[in-house]
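Participant: This structure is in structure tokens; I'll ask about it shortly.
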Ligand code: AMP
Ligand code: ZN
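In this note's numbering, the protein residues as written are 784 to 928.
What follows is the structure, given as structure tokens:
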């Protein structure tokens, strides 16, 4: 819990929200400045800033809530698709330092873009660079096994 964090304050009921769903570990509510009608924020109740610092239990609970809500959000807004994203760290655009998943309802012709288009490398990476990058990432993530 953080005294000043806006999302912790929503969890405590100190700031009002358009609540969608709540369970022991997670909370979902409408984004106050929606990118589309029904734009929903899903958070862990634990005050954790970055995805990699979530406990395994909270990570699972968060994805469980996402999985349970996304179809209903689309149905409610009568849209066929959604973009699901997390800004993880300030350089990615994260403004509120409490992990949150954005669920943004999408329709054909909404003139929105795709997540892969957010940033683009200056040059195409060579096969050699791709191999080296994959190798380096495997080394840094070997504890997952
Ligand atoms: P970001 O940290 O950039 O991933 O996004 C934070 C999101 O939280 C923004 O889309 C804001 O519109 C949203 N937001 C900020 N304050 C509130 C609030 N009181 N209730 C609901 N959503 C909020
Ligand atoms: Zn918080």
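Every residue gets a Cβ at the ideal spot worked out from N, C-alpha and C, and that includes glycine.
Bear in mind the structure is a predicted one, so any value in this text is a computation, not a measurement.
Quick one, which of 868, 845 and 837 has its alpha-carbon nearest residue 899's?
Facilitator: In terms of Cα proximity to residue 899, the closest of 868, 845 and 837 is 868.
Participant: Compare the C-alpha of residue 901 against each of 835, 846, 794 and 870 and name the closest.
Facilitator: 870
Participant: Specify, as a first and last residue, the run of the alpha helix (DSSP H) that residue 848 falls within.
Facilitator: 839–860
Participant: What first and last residue would you give for the beta strand (DSSP E) that runs through residue 885?
Facilitator: 884–889
Participant: Use the C-beta contact count for residue 846: other C-beta atoms within 10 angstroms, 16 or more gives buried, fewer gives exposed.
Facilitator: exposed
Participant: Measuring only from the beta carbon, is residue 898 closer than 6 Å to any heavy atom that is part of ligand 1?
Facilitator: no
Participant: Hey, residue 886 and residue 865 are a contact pair by Cβ (cut 8 Å); roughly how many whole angstroms apart?
Facilitator: The pair is a contact, with the Cβ atoms about 5 Å apart (cut-off 8 Å).
Participant: Tell me whether residue 917 sits in a helix, a strand or coil according to DSSP, three-state version.
Facilitator: Residue state for residue 917 is assigned as helix, using DSSP reduced to three classes.
Participant: Is residue 867 helix, strand or coil when you go by DSSP?
Facilitator: strand
Participant: What is the residue span of the beta strand (DSSP E) that residue 824 lies within?
Facilitator: 823–827
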